[in-house]
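Letter 23 of the sequence shown, counting from 1, is numbered 51 in our numbering, and no numbers are missing.
Backbone N, C-alpha and C fix where the C-beta goes; we use that ideal spot for every residue, glycine too.
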Amino acid sequence: MPHLVRLYIRQVAIGYAVSAAFVALLLYLNVANLWHLVTHVNVGWIAVLMLWVFNGIIFAGVQFALSLPKGHGDDGPKRGKRSPIPVLLAEPVPVRVAAAPRRAR
Numbered sequence: 029m030p031h032l033v034r035l036y037i038r039q040v041a042i043g044y045a046v047s048a049a050f051v052a053l054l055l056y057l058n059v060a061n062l063w064h065l066v067t068h069v070n071v072g073w074i075a076v077l078m079l080w081v082f083n084g085i086i087f088a089g090v091q092f093a094l095s096l097p098k099g100h101g102d103d104g105p106k107r108g109k110r111s112p113i114p115v116l117l118a119e120p121v122p123v124r125v126a127a128a129p130r131r132a133r
């Protein structure tokens, strides 16, 4: 499996674990009376599941985005040791365009 795919799967798992902890903390601290709302409705578990999944999407995306600049598995040259980018010094070239004469109105 390519390194980037393994990195993505690992970061998504971490993101969903953080999401589970976040939703558990929301329920434990009873933010906006959420614990009461979830426990006193027949389909409250769907609300908790949706909260976990949607927060998991956000946290997984952020986790993956934060892990990319670290350069996992980058075997290329390190910072400061890159070869300089060649600069092309181009001179303008005149281009002649034959224009049709304007007709008077």
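query = Under three-state DSSP, which class holds I74?
reply = In this structure, I74 counts as helix in the three-state DSSP scheme.
request  = Express the C-alpha separation of L35 and P114 in angstroms, rounding to a whole number.
outcome  = Roughly 33 Å between the two C-alpha positions.
message = Buried or exposed, going by whether 16 or more other CB atoms sit within 10 Å of the CB of F82?
response = That one is exposed.
ask   = With DSSP run on the structure shown, which of helix, strand or coil describes L35?
value = L35: helix per DSSP, three-state reduction.
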